[in-house]
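*Asks:* Right, I'll just put the structure down here and ask away after.
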Amino acid sequence: MKSALKTLAIAGAALVGFTGAAMVAITTLIDPNDYKPQIEELAQQQGYPIALNGELSWQFFPRLGIAVNDAQLLGADAGQPALASVKEVRASVMVLPLLRKQVAVDHVLLDGLSANLSIDKNGNTSWQHLLKEDDQSPTASEPPSEPTITDNKGHSLFLEANSIQLKNAEIRYIDQRSDTDIRLRPLGAEINRLNLDGIEFPVRVEWSAEINHGALKQTLMNSGSLETAVTLTQDFSHLKLKQGHLNSEMGNSDVKEKSFITLEFGADITNLLTNPTIKAHAELTPTDVKAIANNFTAQPLQTHNPKSLTRVGFNLSVAGTPDNLSINPIAITLDDTSINGKAELANQNQLQLQLTGSTINVDDYLPDANAPPAEIPEEALPEPTTDGEAPLAVLNQYSADINIGFEQISAMGIALNTPQLTAKLADGVLKVQPLAAKINGKTAQLSGQLDAQGKLQAKLNVPTINARQLLTDLNIELPVTADNSTLQAVDLSLDASGNLDDIAINNLNFGLDQTRITGSARIRNGSDIDIKLAGTELNADRYLPPPAEATPAETEAGATQPTTPETPLDFSALQTLNAKASVTFSKLKAHNLELANLKLAANSSQGLAKLDNLSADFYQGQLKAKGQLDARSKTPSVSFTGDGQGVAIKPLLAALATGDTPQKFVLAGLANGKVTLNTQGNTVSHWMENAKANINANTQSLQLVPINIEKMVCQAVALVQGESLANIDWPALTQMQDLNVKISYANQTATIEELSAGVEQFNLGALGKVDLGKQSLDVQLPVQFSQPLTQREGCPATSSWLVGKALSLVRCKGSLLEPTQACGLDDRAIREAVKDYAEAKAKAKVEAKKDEAEQRLDEKKDRLKDKIDQELGEGASDLLKDLFKRD
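All you need for my numbering is the position in the sequence shown, starting with 1, plus 627.
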């Protein structure tokens, strides 16, 4: 027995020795470089064209190794660059484990790997020549087979490696279809003590990347490293990642500042190849997401709160199988907001989610009002739904039970305390149970549902709240209003129905202090709006800021042009707005003007906004108006027509007066008038400068206070006649009858084309201009007497010389700010009238003397005639008269 064993041992040793001697002889006597052409040809036959440009070498004991220098994997055509190349490849395995059918890799090195992968515009790849024609991907009906982990005799494979290294690698990927160019350089990886014995081994990967894309305005730079400890069993049934650590640094070619990502992770997966069971966790250290996003956009991401999105992180734990996954806990950090919860996902389409959060201000995350609009790459826009496809077909694929609550959510200046959202998704219908939130201690509710076809129903109810107190409690600046007692009672309720492209709002009921507004609306495609509102009494002035008090300098400056460039008017929203509006109010007060039974109809389409009709009871009379704003061209234009009948002028002017300063003058009476106005321009100043208008007005009776034009006329007549004005009590007003006026306006100047009115026993006219730009006026007030004022006490206008003459004896010239001081006697006109009157008076005297002489002559003739008739007989004078007649 012993001899047999000894013989077997000697034989085995001899066999091993012979085998070793043979291997030594082979590696010593055979040069692998002699077989490079055959190796290249064999690879070509297998469909892998290679070029072995460098030396080949190998070794035998204690490890079997081979080294390849300067090798290339060629492209499809000879003229194309190599698909991949490597400067050096070294691989070695231990010899003795091979005898036990075990692979024990000692060292693998790939140094200087360079790969060029590309896809042209037609989708052809640079590596498609390497794919065999019979290579097919598994179909849906044929799931991929499990990977083989045994040899052809069923022996379990043994694999271990002391070191695997990838050094100085460079990979470039170009996709002409999406204008993408990604370059990884350098890329390195290292695995030490690789084994399948369930013993932990370290893995480390490092990279640096440059990414260019058509949607990016600059080159995106990224570098980082990944480290973890891996445990893997021989049958690949158990994978464990421990102490995973990811560091990533991001920037771009235009921004020097870089952003960083730090992620800790771990995972334990059993039954990896059959029905995996997962336990994993990941923790993202709070990261400046805004800085990361700014690397991808040409314009910086700007939020209302500059600190928003600068601290975003999470901590998640995942457990279960792909068909029954639990995420618990969920911990999210969003700047100063903490969100915690858990989630369950069954069959990859059934979700249960519970989240609770602290306080969050949604306004902080909205775009900054002064920021330019974000540029969204065209390829980032969602694909439109195909004909017949439900717009929210995804709702049919999932079911969900969602419960989300926050301590407080603030948005648009409104704070919702303890809002709670409960929603269920089943059978393609998402139902929102009453979303409740506390506002001023009162509960506001929103409920509704949305289905896969996009049909929705919703109800909103906000009870009466003190909005002013709410804003104060939230430390939000109150709007400046003329009346601080406003906004103390605000409520809202409405019903919404329709689909995402056509939403109808019914039963709209809005309370604003003492005002109640009801109505309905319809919104199509987000820009086609039809709204109908009916309101009770509203004093809009209570909600507007109080009028600013003008300084003395501003008052003197009047309409002086602003020193800073004026902001152009922006009507871009009108270009896409299609709207119709019908609004009524029982009473409306705005800018101190009062309207009753107001009815307004307006529409807007493709940049043209029209006021179809405005009618209202207006200061004892009726007001009607129409107009339009045309913003379809580069220079917007405005046209307007207004018609007022029986309007009481005195209260209207009182309403237009600003401040507490008493009116400089007052007009009283009922007037009728028509106004047409046209203007154009890109700023308000341009509108004022380019405005053209025509005004026609008339009234049966009008009082002008405190100017007494009659007194001025009588005073002027007294001066003309060289008399003095009687000292009587003249009333501080002018009473006019049957006033008719026609005014044109252009170049900021109003020109009185025609004016006629009756004042006592003379007619009053007016000619002149009012310059709004210079805040000045120059108007002559000619008068014409129809008869001497013989019955007007105290007025010396009794001369017949005045009758029928148009005398411009009164003139208003001066500042519009002091109109009563601007009106007075026209000295120049009076001097001319004095001259004319004196000449007329002198002429009258001459005529009177002439008439008197002629009268005396006629009297002498009559006496002589009587004497002749007495002495010579009746008729003798006539005969003598005929006798002395000359032919």
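Glycine included, C-beta positions come from ideal geometry on N, C-alpha and C.
1) Can you give the Cα-Cα distance for E1501 and K1462, rounded to whole angstroms?
2) Check whether the stretch 1348-1359 touches the stretch 1393-1406, counting contact only when three or more Cβ pairs, one atom from each stretch, lie closer than 8 Å.
3) Enumerated in chain order, which unbroken segments of the beta strand (DSSP E) with a length of 3 residues or greater are wholly contained in the stretch 1063-1105?
4) Look at the Cβ atom of N1299, then the Cβ atom of Q1272, and state whether they are nearer than 8 Å.
5) Between G1296 and T1326, how many whole angstroms is the CB-CB distance? I'm expecting something under 8 Å.
6) Tell me whether L1019 is buried or exposed, calling it buried when 16 or more other Cβ atoms sit within 10 Å of its Cβ.
7) So, L1043 versus A1050, is the Cβ gap smaller than 8 Å?
8) Measure the C-alpha to C-alpha separation of G878 and L811 and round it to an integer number of angstroms.
9) Please identify the residue among P956, E1445 and N1152 whose C-alpha is closest to the C-alpha of A907.
10) How is N839 classed by DSSP in three states: helix, strand or coil?
11) Tell me the start and end of each unbroken beta strand (DSSP E) in the stretch 944-976 that is at least 3 residues and wholly inside, in chain order.
12) Note down the Cα distance separating V1274 from Q1247, rounded to an integer number of angstroms.
13) For the beta strand (DSSP E) holding A907, just list the boundary residues, first then last.
14) Starting from P1278, trace the alpha helix (DSSP H) both ways and give me its first and last residue.
15) With a CB to CB cut of under 8 Å and the five nearest residues on each side skipped, what residues in its chain are close to T937?
16) Let me confirm a value: V1406 is counted as buried when at least 16 other C-beta atoms fall within 10 Å, else exposed. Which label applies?
17) In angstroms with no decimal places, state the Cα-to-Cα distance between N620 and G1146.
18) Helix or strand or just coil, what does DSSP make of E1316?
19) Determine the direct distance from the alpha carbon of S1260 to that of R1149, and round the result to whole angstroms.
20) Are N921 and P913 closer than 8 Å when you measure CB to CB?
21) If you compare alpha carbons, which of A1094, F892, I826 and Y992 is closest to Q1115?
22) Given this structure, state the Cα-to-Cα distance separating A1373 from D1168, to the nearest angstrom.
23) Determine the contact status of L1022 and P1046, defining contact as a CB-CB distance below 8 Å.
24) What do you get for I1066, buried or exposed, if any count of 16 or more other CB atoms within 10 angstroms of its CB means buried?
25) Can you say whether A1433 is buried or exposed, counting buried as having 16 or more other CB atoms within 10 angstroms of its CB?
26) May I ask which residues mark the beginning and end of the beta strand (DSSP E) holding T1361?
27) Who does P1061 pair with in a DSSP beta bridge?
28) Between N976, L736, N967 and A1284, which has its C-alpha nearest S985's C-alpha?
29) Here's the rule I'm using: 16 or more other beta-carbon atoms within 10 Å means buried, otherwise exposed. How should L1279 be labelled?
30) How about the stretch 1215-1228 and the stretch 1331-1340: do they share at least three Cβ pairs that are nearer than 8 Å?
31) Please list, in chain order, all residues of the same chain as E682 whose beta carbon is under 7 Å from its beta carbon, the five residues on each side excluded.
32) Find out if the Cβ-Cβ distance for the pair K714, G692 is shorter than 8 Å.
33) Just the C-alpha distance for I791 and E797, rounded to the nearest angstrom, thanks.
34) Just to confirm, is the Cβ distance from L1408 to R1438 under 8 Å?
35) With distances taken Cα to Cα, identify the nearest neighbour of Q1096 among S1112, S741 and E1380.
36) In terms of residues, what are the limits of the alpha helix (DSSP H) holding S1199?
*Replies:* Quick look at the numbers:
1) If you take the alpha carbons of E1501 and K1462, they lie about 54 Å apart.
2) No: the two stretches stay apart, fewer than three of their Cβ pairs being nearer than 8 Å.
3) For the stretch 1063-1105, whole beta strand (DSSP E) runs of length 3 or above, ordered along the chain, are 1069-1078 and 1082-1092.
4) Here N1299 is near Q1272, since their CB atoms are less than 8 Å apart.
5) Confirmed, about 5 Å.
6) With 16 or more other Cβ atoms within 10 Å, it is buried.
7) It is not a contact, given that the beta carbons lie outside the stated cut-off.
8) When rounded, the separation of the alpha-carbon atoms in G878 and L811 is 15 Å.
9) Closest by alpha carbon: P956.
10) Assignment of N839 by DSSP, reduced to helix, strand and coil, places it in the strand class.
11) The qualifying runs are 951-961 and 964-973.
12) Straight-line Cα distance between these residues: approximately 6 Å.
13) Run containing A907: T904 to T914, per the beta strand (DSSP E) assignment.
14) DSSP places P1278 inside the alpha helix (DSSP H), whose first and last residues are I1276 to L1283.
15) Excluding residues within five positions, the ones whose Cβ falls inside 8 Å are D915, V916, K917, A918 and D962.
16) Classification for V1406: buried.
17) Nothing about residue 620 can be reported from this structure: the residues present for the chain run from 628 to 1514 only.
18) Looking at E1316 - three-state DSSP - the assignment turns out to be helix.
19) Each residue's CA atom was taken as its position, placing R1149 and S1260 some 28 Å apart.
20) Taking 8 Å as the cut-off, the Cβ atoms of N921 and P913 do not count as close.
21) Measuring C-alpha to C-alpha distances from Q1115 to each of A1094, F892, I826 and Y992 identifies A1094 as the nearest.
22) Rounded to the nearest angstrom, the two C-alpha atoms are 31 Å apart.
23) Not in contact: L1022 and P1046 (Cβ atoms no closer than 8 Å).
24) By the neighbour-count rule (16 or more Cβ atoms within 10 Å), I1066 is buried.
25) Exposed, because fewer than 16 other Cβ atoms sit within 10 Å of the Cβ of A1433.
26) In the DSSP assignment, T1361 falls within the beta strand (DSSP E) that extends over T1361 to A1373.
27) For P1061, DSSP assigns no beta-bridge partner whatsoever.
28) Nearest C-alpha to S985: N967.
29) L1279 should be labelled buried.
30) These segments do not touch.
31) Cβ neighbours of E682 beyond the five flanking positions: N660 and N696.
32) Not closer than 8 Å, so no.
33) Cα to Cα, the separation comes out at about 17 Å.
34) Yes; because the gap between Cβ atoms is below 8 Å, this pair is in contact.
35) The residue with the shortest Cα to Cα distance from Q1096 is S1112.
36) Looking at the DSSP string, the run of the alpha helix (DSSP H) that includes S1199 is S1199 to T1203.
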